[in-house]
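First residue of the sequence shown? That's 9 in our numbering, and the numbers climb one at a time after it. Note sheet for the following structure.
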Amino acid sequence: MATVDLEVILDLNTLEQYCSAIGAGTLLKSVVLFEQLMPEYVGNLVKANDAADRDTLCSEAHKFKGAAGSVGLKRIQQIAQLLQHGEEPRWDAEHGAWVAEIVEHASADLQQLKLFLQAKA
9 MATVDLEVIL DLNTLEQYCS AIGAGTLLKS VVLFEQLMPE YVGNLVKAND AADRDTLCSE
69 AHKFKGAAGS VGLKRIQQIA QLLQHGEEPR WDAEHGAWVA EIVEHASADL QQLKLFLQAK
129 A
């Protein structure tokens with residue numbers, strides 16, 4: 009497997025600040041909660057996309073963006089940021105690819121986050 013570029017996947021600056029402020033162990037507890045909720049978040053995105061429900065897709069992407077950002081999942085947060093703006097000109101052409109990217113990367117990115125925090129704890 010290729011070397012993972014944590015800068016692409018994780019918001020390292022924010023994570024370092026969180027670890028300094030509350031400790032990696034405490035942050036890891038939040039990440040475990042996020043991990044339990046993530047299948048629902050991703051499932052809601054897929055369902056809304058499959059139903060061609062722009063309003064729900066944008067709303068769910070907004071929620072997921074906030075949740076991903078709160079635990080330092082940079083790539084997922086950035087993709088959800090694009091996805092939440094249904095009024096953007098490129099949204100119609102690209103929203104399906106963005107949902108697919110989230111589906112593709114969410115679990116692996118989350119695992120990298122957990123490994124990063126476990127190494128700090």
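Where is the CB? At the ideal position from N, CA and C, for every residue including glycine.
Practice prompt. Please report how far the alpha carbon of Ala129 lies from the alpha carbon of Gly33, in whole angstroms.
Written response: 5 Å
Worksheet entry | Rounded straight-line distance, which links the Cα of Ala69 to that of Gln132 | The chain is shown only over 9 to 129; residue 132 falls outside these bounds and no answer can be derived.
Item to complete: Assess, as a yes-or-no matter, whether the segment 91-108 is touched by the segment 34-45 under the definition of 3 or more beta carbon pairs within less than 8 Å.
Response: Here the segment 34-45 does not lie against the segment 91-108, with fewer than 3 beta-carbon pairs under 8 Å apart.
Worksheet item: In terms of residues, what are the limits of the alpha helix (DSSP H) holding His113?
Response: 99-128
Item to complete: Please report the residue range of the alpha helix (DSSP H) in which His70 lies.
Response: 62-78
Worksheet item: Just to confirm, are Ile17 and Leu53 a CB contact at a threshold of 8 Å?
Response: no
Worksheet item: Could you give the distance in angstroms between the alpha-carbon of Leu65 and the alpha-carbon of Gln92?
Response: Distance between Leu65 and Gln92, taken at the CA atoms: about 7 Å.
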